[in-house]
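Visitor: Quick one: structure below, then a few questions.
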Ligand code: COA
C-alpha cells in the first residue's frame, strides 16, 4: 500500500479577550513584573471568561482553521483534541467540539500529552490520513489552564495562559507536508509536573480541597533541566529521521514555556535565535495550544512560505517530548 503524503492546509487560532498582566498578579500574590519577565520572558497572558471552557476556545480556533483551509465542516471525518485541561474528566472534549461546530461526520478523540500534545496529535493525524483511514482531520490544541492552577501559588500561576490552535490535516502534493517526526517520553514518577489529586490515584475530597492538591504543582528547576535537554533532542531526532541537519531549518516553533529554555536550545542546536518564533511574552505557557498559536501568528505575518522547512517541538508533563519537521505546503 502506498502511503499518502500528508500536511497542514489551514490553521486557526483563538485566545480569550481578557488580558492578565504581570502587574495584575502583583496585586494578588507576592511577585513582580521584573521577576516574571526576567525568569520567563512572560509579560501577559489571556484568561478565559467564566462561561468559557476548553471546548469553547477549541471550537473558535476550529472555525477559523476550516475557513482558512477552505474546507466545509461536513468534510471533517476525525477530530483530535490535545488538551491537559478537558471540559470534563469523563467525556472527551473532542465530542463537545464536534457538537459546537457541527462536524456531523467526524469521529472524535482526545490526546493527553500535555505541552507535547499538539505534535503528538498531528503525528497521529498524519498516520490516519497516510494510511487512508481518514481524509480530513481537525487537530486542535486547546487549554483553559487558568482554572487548573492555584492562584495562591506564585511558582505556577504566573506561568500559564489560555488559548487554542487548530489545524486541518489532509493529503498534500508530493514533496511537501509532514516529513519526519519524533515522539518521546520519560516517565516522571516523582511528580515534577502534575495535578496530584482529582484523578483515580487521589480522588477529590475535603482533604484535597484543603491542601489545594487539585491544582497543578511543579518543581520548576526539575522541569527546567528536562526541558533544556528535551527541546534540542526531540528536534535533532526528528531532523535526523528526515535526513536533515540543523542548518536546513528555516524556522523553529518551540513550545512557549520560557524564553531561557528556548535560548538554551538555540545554543545547543546551533540554530540562531532569529529562527525561533516566540510569542510567550503575550500568551504565557498555553501548553498544547502554544505551538499552534505561534505558527498561526507567524503565518498571519507572512513569515512562513511554501517550501520552508519548519520544526514544531514540544516538551511537557509526563514527561513527554515531541518534534515534527514540515516542508510547508502553501
Ligand atoms: N515571583 C517571585 N518570586 C518567585 C516566583 C514568582 N512568581 N516564583 C518563585 N519565586 C521564588 C521562589 O519562591 C524562590 O524563592 P526562595 O529562593 O526564597 O525559595 C525563588 O523565586 C527562586 O525560585 P526557583 O524555583 O529557584 O526559580 P527559577 O530560577 O528556577 O525559576 C521557573 C523558576 C519556574 C521560572 C523556572 O524553574 C522554570 O521556568 N522552570 C520550567 C517551568 C516550565 O517551563 N514548566 C512548563 C513546562 S511545559
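Residue numbers (this note's numbering): 1 to 330. Yeah, the Cβ is synthetic: ideal placement off N, Cα and C, and Gly gets one too. Keep in mind the model is a prediction, meaning the values are calculated, not measured.
#1: Looking at the structure shown, is residue 218 part of a helix, part of a strand, or coil, going by DSSP?
#2: Report the residue ranges of all alpha helix (DSSP H) runs contained in full by the stretch 25-111; include only those spanning at least 4 residues, in chain order.
#3: Closer than 8 Å to a non-hydrogen atom of the ligand COA - does that hold for the CB of residue 115?
#4: Since residue 236 and residue 269 are thought to touch, with beta carbons under 8 Å apart, how far apart are those beta carbons, to the nearest angstrom?
#5: Just curious, the beta strand (DSSP E) that residue 13 is in, first and last residue?
#6: Run through DSSP, which three-state label would residue 265 get?
#7: Consider the C-beta atom of residue 328 and the heavy atoms of the ligand COA; say whether any pair is separated by less than 8 Å.
#8: Over the uninterrupted beta strand (DSSP E) stretch that includes residue 185, give me the two end residues.
#9: What do you reckon, are the CB atoms on residue 18 and residue 76 nearer than 9 Å?
#10: Can you tell which of 101, 296, 201 has the C-alpha that lies nearest to the C-alpha of residue 328?
#11: What do you reckon, are the CB atoms on residue 118 and residue 139 nearer than 9 Å?
#12: Taking the alpha carbon of residue 60 as the point to measure from, which residue in 39, 78, 21, 163 has its own alpha carbon closest?
#13: Please list the terminal residues of the continuous alpha helix (DSSP H) segment that includes residue 127.
#14: Which residues in the same chain as residue 298 place their Cβ atom closer than 6 Å to its Cβ, once the five residues preceding and following it in sequence are excluded?
#15: Quick check on the DSSP output: the alpha helix (DSSP H) that includes residue 210 runs from which residue to which?
#16: Less than 7 Å between C-beta atoms, sequence neighbours within five positions excluded: which residues of the same chain meet that for residue 330?
#17: Would the C-beta of residue 193 count as close to the ligand COA, meaning under 8 Å from any of its heavy atoms?
#18: Quick one: grab the DSSP three-state call for residue 323.
#19: Tell me the rounded alpha-carbon separation between residue 332 and residue 66.
#20: Please confirm if the stretch 309-317 is in contact with the stretch 246-254, defined as three or more CB-CB distances below 8 Å between the two stretches.
#21: Which residue comes first and which comes last in the beta strand (DSSP E) that contains residue 171?
#22: Examine the ligand COA and report whether any of its heavy atoms sits within less than 8 Å of the Cβ of residue 31.
#23: Quick one: which unbroken alpha helix (DSSP H) runs of 4-plus residues sit fully inside the stretch 265-299? Chain order, please.
Guide: Checking against the coordinates, here is how it stands:
#1: strand
#2: 33-40, 54-69, 93-101
#3: yes
#4: 7 Å
#5: 6-14
#6: helix
#7: no
#8: 177-185
#9: no
#10: 296
#11: yes
#12: 163
#13: 117-130
#14: 277, 304
#15: 206-211
#16: 9, 306
#17: yes
#18: strand
#19: For residue 332 there is no data in the structure shown, the boundaries of the chain being 1 and 330.
#20: yes
#21: 162-171
#22: yes
#23: 280-283
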